[in-house]
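Participant: Respectively, the protein sequence lines represent chains A and B.
Under the working numbering, the first residue of the first sequence carries the number 1, and numbering increases by one thereafter.
Under the working numbering, the first residue of the second sequence carries the number 1, and numbering increases by one thereafter.
Idealized CB from N, CA, C, for every residue including glycine.
To start, I am sharing the structure in question, which I have written as structure tokens.
Protein chains: 2
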Amino acid sequence: MSILKDKILETATDLFHTRGINSTGVDTIVAVAGTTKMTLYKYFGSKEDLILEVLQKSQQDFQFWLNEKLNANSKKPNDKIQQLFDHVEEWVNSPAFIGVGFIKASAEFPNEENPIHQLSSQQSREFRQFISKLASEASIKDADGLALQLSLLFEGAVQAEQMKRGSGAIKYAKKAAKILIDGAIKA
Amino acid sequence: MSILKDKILETATDLFHTRGINSTGVDTIVAVAGTTKMTLYKYFGSKEDLILEVLQKSQQDFQFWLNEKLNANSKKPNDKIQQLFDHVEEWVNSPAFIGVGFIKASAEFPNEENPIHQLSSQQSREFRQFISKLASEASIKDADGLALQLSLLFEGAVQAEQMKRGSGAIKYAKKAAKILIDGAIKA
DNA sequence: AAATTAATATACAGAACGGTATATATTATA
DNA sequence: TATAATATATACCGTTCTGTATATTAATTT
């Protein structure tokens, strides 16, 4: 609703990715966003709450974008899962790409009791389930197994791209995905 | 050489993995290691130097262990690359496994100018080159391409295991790796 | 035994951290 | 225009951070 809250979320998202979450102080966030700490703490109860909201919004935006893309091209289940990595490639190669929140957050908050880690883990699981649904709609037998493998390629490729921008890892992830999907369809 | 330096390295390695790098202060490290800051700063010029040494030693230890395993089982190139993920699985499933340093470090230090990020990136590249050498020794045509794909599976599976211990991701990464290797050998 | 090295305890400097108190200014609503 | 909500500026609190200064104790070497 509030334009300032959105600005803070947007700024925090960017800074968390470019400087790291723990390395980004709230003072820096409000300075870059052009507001004050009082305003930040009016919208977010704590820095942890802000991190959680940033993660939620990031994943929400990506999932929405991906769904649009998948439904725009073809409604056929086989096409959709085959084109999954085409869309992922477009997304990763776009200049706006800065990384995947739940991958970075789980590394910075390794304790499984930590709420941030738990949300990251949940988002990773939900994305895997999303792929699994695509796979089972395409009548693939071991849909969960294939989904897990594709998610490994996804997370590995994103990791590689976060490590070195322009690594070209997605291109090879896509090729590998095609081989695995073709194999799973035949079986 | 010094037993205290080793103890500090060992303690830091453990704490960095279980609590995160930025979230672990030097005070905590020396307290757990049973020494003092003065001693730590006698062996390591700064916290950054300590992090760099921890990363180097971790990767060194893993590479040494992996080499031993690969050479112990079979000297045939085809067997070696096929058994790569068997050894990785054993390593990941061992109780001592706490994660891969360069994956976590690159997430906590995303800036490509940062020395810690640069070392992480270098280690990731070196591991990929190691797999590529295995592949080319097995007379695989696109050795670099396969190596990149296998490294994505590796990093993805490790990421998954860091996120949720006992995820079983490695089992499926191994299956995927076999499919990709078999396909690359035939080509 | 004397001298050098290694390790300790402790205390502190200076900065950055998350979060709050207070008081003022701006905006929108009634 | 009066009232209420929203946003601001600024200063501060207590804690934690990396790194150092100082002085003392233990171990090793000559």
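Below 9 Å on C-beta distance, what does S121 of chain A contact in chain B?
Facilitator: Per Cβ cutoff of 9 Å: M163, K164.
Participant: Which word fits Q149 of chain B, buried or exposed, when buried means at least 16 other C-beta atoms lie within 10 angstroms of its C-beta?
Facilitator: By the 10 Å Cβ count, Q149 of chain B comes out buried.
Participant: Is there a Cβ from chain A that is less than 8 Å from the Cβ of I179 of chain B?
Facilitator: Yes, its Cβ sits closer than 8 Å to a Cβ of chain A.
Participant: For D144 of chain B, which of helix, strand or coil comes out of DSSP?
Facilitator: If DSSP states are grouped into helix, strand and coil, D144 of chain B belongs with the helices.
Participant: Is the Cβ of A176 of chain A closer than 8 Å to any Cβ of chain B?
Facilitator: So yes, A176 of chain A belongs to the interface.
Participant: The alpha helix (DSSP H) with S94 of chain B in it runs from where to where?
Facilitator: Unbroken run through S94 of chain B: none, as it is neither H nor E.
Participant: Do you know how far the Cα of I81 of chain A is from the Cα of I51 of chain B?
Facilitator: Approximately 41 Å between the Cα atoms of the pair.
Participant: With three or more beta-carbon pairs closer than 8 Å as the criterion, would you say the stretch 118-131 of chain A touches the stretch 48-68 of chain A?
Facilitator: Yes: at least three Cβ pairs fall under 8 Å.
Participant: For the alpha helix (DSSP H) containing K75 of chain B, list its first residue and its last residue.
Facilitator: Where K75 of chain B is concerned, there is no enclosing alpha helix (DSSP H), given that its DSSP letter is neither H nor E.
Participant: Spatial neighbours of D144 of chain A within its chain, please: C-beta separation below 7 Å, excluding the five flanking residues on both sides.
Facilitator: Cβ within range, chain order: S132.
Participant: With respect to the alpha helix (DSSP H) encompassing I185 of chain B, which residues constitute its N-terminal and C-terminal limits?
Facilitator: Per DSSP, I185 of chain B belongs to the alpha helix (DSSP H) from 169-186.
Participant: Name the chain B residues that come within less than 9 Å of D95 of chain A, Cβ to Cβ?
Facilitator: The question names Asp, but residue 95 of chain A in the sequence shown is Pro. By Cβ distance, chain B contributes nothing, its closest Cβ being about 16 Å from P95 of chain A, past 9 Å.
Participant: In chain A, what lies closer than 9 Å to T18 of chain B by C-beta?
Facilitator: Chain A residues near T18 of chain B: P110, N111.
Participant: Give a yes or no on whether 8 Å exceeds the smallest Cβ distance from S23 of chain B to chain A.
Facilitator: S23 of chain B counts as touching chain A.
Participant: Can you list, in chain order, the residues of the stretch 79-104 of chain B whose Cβ is nearer than 7 Å to any Cβ on chain A?
Facilitator: So the close ones are I103, K104.
Participant: If you measure from the beta carbon of S106 of chain B to each beta carbon in chain A, is any gap under 8 Å?
Facilitator: Yes - at least one Cβ of chain A is within 8 Å of the one on S106 of chain B.
Participant: For L55 of chain A and E68 of chain B, I'd like the C-alpha separation in whole angstroms.
Facilitator: Answer to the nearest angstrom: the Cα atoms are 41 Å apart.
Participant: Is it true that the stretch 172-180 of chain A meets the stretch 9-18 of chain B, where meeting means three or more beta-carbon pairs spaced less than 8 Å apart?
Facilitator: Output reads no: the stretch 9-18 of chain B does not touch the stretch 172-180 of chain A.
Participant: Can you give the beta carbon distance from E108 of chain A to G20 of chain B, rounded, assuming they're within the 8 Å contact cut?
Facilitator: With a Cβ gap of about 5 Å, E108 of chain A and G20 of chain B count as contacting.
Participant: Leaving out the 5 sequence neighbours to the left and right, which residues in its chain are closer than 8 Å to K37 of chain B when beta-carbon positions are compared?
Facilitator: Cβ within range, chain order: V26, D27, V30.
Participant: May I ask you to report which of helix, strand or coil DSSP gives E112 of chain A?
Facilitator: E112 of chain A falls in the coil class under three-state DSSP.
Participant: Grouping DSSP H, G and I as helix and E and B as strand, with all else coil, what is I21 of chain B?
Facilitator: It is coil, neither helix nor strand.
Participant: Please work out which residues of its chain come closer than 6 Å, Cβ to Cβ, to L70 of chain B, disregarding the five sequence neighbours upstream and downstream, and give them in chain order.
Facilitator: K80, listed in sequence order.
Participant: Distance check for K5 of chain A and Q118 of chain B, CA to CA, integer angstroms please.
Facilitator: For Q118 of chain B and K5 of chain A, the distance between alpha carbons rounds to 35 Å.
Participant: Is it true that the CB of L153 of chain B sits closer than 8 Å to the CB of L153 of chain A?
Facilitator: Yes, they are a contact pair.
Participant: Kindly list the residues whose CB is nearer than 7 Å to the CB of P110 of chain B, restricted to its own chain and excluding five residues on each side of it in sequence; keep chain order.
Facilitator: Closer than 7 Å at the Cβ level, and outside the excluded window around P110 of chain B, lie H117.
Participant: Is E155 of chain A close to chain B? Criterion is C-beta to C-beta, closer than 8 Å.
Facilitator: Chain B contact via Cβ: present.
Participant: To the nearest angstrom, how far is the alpha carbon of G34 of chain B from that of D182 of chain A?
Facilitator: Taking the straight line from one Cα to the other gives about 56 Å.
Participant: Please compile the residues from chain B whose C-beta is within a distance smaller than 8 Å of the C-beta of A173 of chain A.
Facilitator: Residues of chain B passing the Cβ test: Q149, L152.
Participant: Would a C-beta distance cut-off of 8 Å place Q83 of chain B and N73 of chain B closer than the cut-off?
Facilitator: A contact, by the Cβ cut-off of 8 Å.
Participant: Indicate the three-state DSSP secondary structure (helix, strand or coil) for K37 of chain B in the structure shown.
Facilitator: K37 of chain B: helix per DSSP, three-state reduction.
Participant: Could one say the Cβ of S2 of chain A lies closer than 8 Å to chain B's Cβ atoms, at least one of them?
Facilitator: It does not: the Cβ of S2 of chain A has no partner Cβ on chain B nearer than 8 Å.
Participant: What does A169 of chain A reach in chain B if we use C-beta pairs closer than 7 Å?
Facilitator: Neighbours of A169 of chain A on chain B, chain order: L148, L152.
Participant: Taking the alpha carbon of K164 of chain A as the reference point, which residue from A:Y41, A:A12, A:V92 has its own alpha carbon closest?
Facilitator: Selected option, being the one with the closest Cα: A:V92.
Participant: Identify whether V32 of chain A lies in helix, strand or coil by the three-state DSSP scheme.
Facilitator: In the structure shown, V32 of chain A sits in a helix (DSSP, three-state: H, G or I).
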